[in-house]
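Chains as they are written, first to last, in this note's numbering: chain A, 40 to 320; chain B, 5 to 219.
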């Protein structure tokens, strides 16, 4: 400290030396602009700055004033230094604490942070239980459905991109397994469809299909959650997938691609009330 | 300027000034030190567990997907295979790999990471992204091959499964070696090493069966 203090003190003290000189600078600069235009103001200020600089250099001869400033210089030099260090430390601590806070945020909280997210878990807790298997066509109160009773058979959801509508009764079962179901209005431009497909293709617990009568161009579903967006470039799509894929599962650990699933398109669900040959998976 | 600094330094009462600051700064330094220690304590657990883009997290995510396909193929072979030895191996693969998926997903939960990564497949492994072909990780069957396996009948099921599974396991071993080269986390080392050994044993067993299957 004894080595660094003179340096730090010397450097830090110089502003205070300048500030004592600044009234003179202001006076010098202020005197001239009164008579001259703004353009010459800048040039007028320069001599003032030069004056303080020379007065700073010539501080040696003016020693009588120096002892008065000694106490102040000693005070503010290290204080400024340590405040600077303190601010840096506080920033590091703050960033670290924020990072830890964000890192420890639950997926529910991350989902809740998505603007426009529809949370049926809060509005329809009665539908959340899962496991309600039902044959035949099911009437859903939301479009596309994001939770509720469903067909005993699920739609294969290991990155399947279906290019024709599928039965919601199967897709809702996939949601229960933890899949994210990406649906789009059939009139969505092909480049946007491809952008969505790239997020789905080959990824486990993801499936995608067009959906007739959608009120928005794109709608994402997870078990109990929904997000409707206008464009495939919307950043909330990835947020939704990252927060809810697998996490939103009502049956954690159940697969998308192993078991008696369907891969067929068409909106009529498979009726298993009569025995039929399955996929053999 | 240095002149004045030196002048002031000599002019200042050496005993009074610095000692007063010494006490104040000592207190502040202790306070800052405690804060830093507290923050370090907060940060330590997250620094000790693999991060979102770590090889361990990438391995857990990608190997889960890799395993999911093995489970699907083995389940088909178990259900429709005609050779009992093939069916036994397939059964072991289903049980082991579905369990390992659960283990790897649990790691991600413990590390407070999402099952969904933000990096491309295989990016966690040195040269890994170059190994991805048509979005498929090493050894993985194409969607067409999976469909063909589902549609196969009779001994074609066994044959097709053996061919696809040996290729799949070779890719899996390569990935396990990839993470072993990057990590020293005990749980990851243990499981990756076990995958490597078990899958090599299964390859040997499948090759033995393959050699005895008639045309």
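The C-beta atom is built at its ideal place from N, Cα and C for all residues, glycine as well.
Query	Result
By the DSSP assignment, the alpha helix (DSSP H) with residue 207 of chain A in it spans what residues?	207-215
Can you find a C-beta in chain B that's less than 8 Å from the C-beta of residue 136 of chain A?	yes
Report yes or no: do the stretch 280-288 of chain A and the stretch 181-192 of chain A share at least 3 C-beta pairs separated by less than 8 Å?	no
In this structure, does DSSP put residue 97 of chain B in helix, strand or coil?	helix
Output yes or no for whether 8 Å exceeds the beta carbon distance between residue 296 of chain A and residue 156 of chain A.	no
Does the beta carbon of residue 39 of chain B sit closer than 8 Å to a beta carbon anywhere in chain C?	Absence of chain C from the displayed structure is noted, the protein chains being A and B.
Just to confirm the assignment, what range does the alpha helix (DSSP H) spanning residue 281 of chain A have?	275-283
Compare the C-beta of residue 32 of chain B against all C-beta atoms of chain A and say whether one is closer than 8 Å.	yes
Can you pull the chain B neighbours of residue 234 of chain A, defined as C-beta to C-beta under 8 Å?	Result: empty, since nearest Cβ-Cβ is about 15 Å, beyond 8 Å.
Could you confirm whether any beta carbon from chain A is found closer than 8 Å to the beta carbon of residue 164 of chain B?	no
Determine, for residue 157 of chain A, whether the minimum Cβ-Cβ distance to residues of chain B falls below 8 Å.	no
Please name the residues in the stretch 68-86 of chain B whose beta-carbon is closer than 8 Å to at least one beta-carbon of chain A, in chain order.	68, 69, 72, 73, 75, 76, 79, 80, 83, 84
So is residue 86 of chain A buried or exposed if we call it buried at 16+ other beta carbons inside 10 Å?	Summary for residue 86 of chain A: the model assigns pLDDT 46, below 50, so the residue's position carries little reliability; its value from the coordinates is reported in the next sentence. The residue is exposed, with fewer than 16 neighbouring Cβ atoms inside 10 Å.
Which chain A residues are close to residue 128 of chain B, counting only those with a beta carbon under 7 Å from its beta carbon?	Under the 7 Å cutoff, chain A gives no residues; its nearest Cβ is about 16 Å from residue 128 of chain B.
Following the continuous alpha helix (DSSP H) through residue 81 of chain B, name the residue where it begins and the one where it ends.	59-84
May I have a chain-ordered list of the alpha helix (DSSP H) segments no shorter than 4 residues that lie completely inside the stretch 172-219 of chain B?	190-216
Mark residue 130 of chain A as exposed unless 16 or more other C-beta atoms lie within 10 angstroms of its C-beta, in which case mark it buried.	exposed
Within 8 Å (strictly less), CB to CB, does residue 43 of chain B reach chain A?	yes
Would you list, in chain order, the members of the stretch 187-215 of chain A that have their beta-carbon closer than 7 Å to a beta-carbon of chain B?	197
On the CB-based measure, 16 or more other CB atoms within 10 Å of its CB, does residue 222 of chain A come out buried or exposed?	buried
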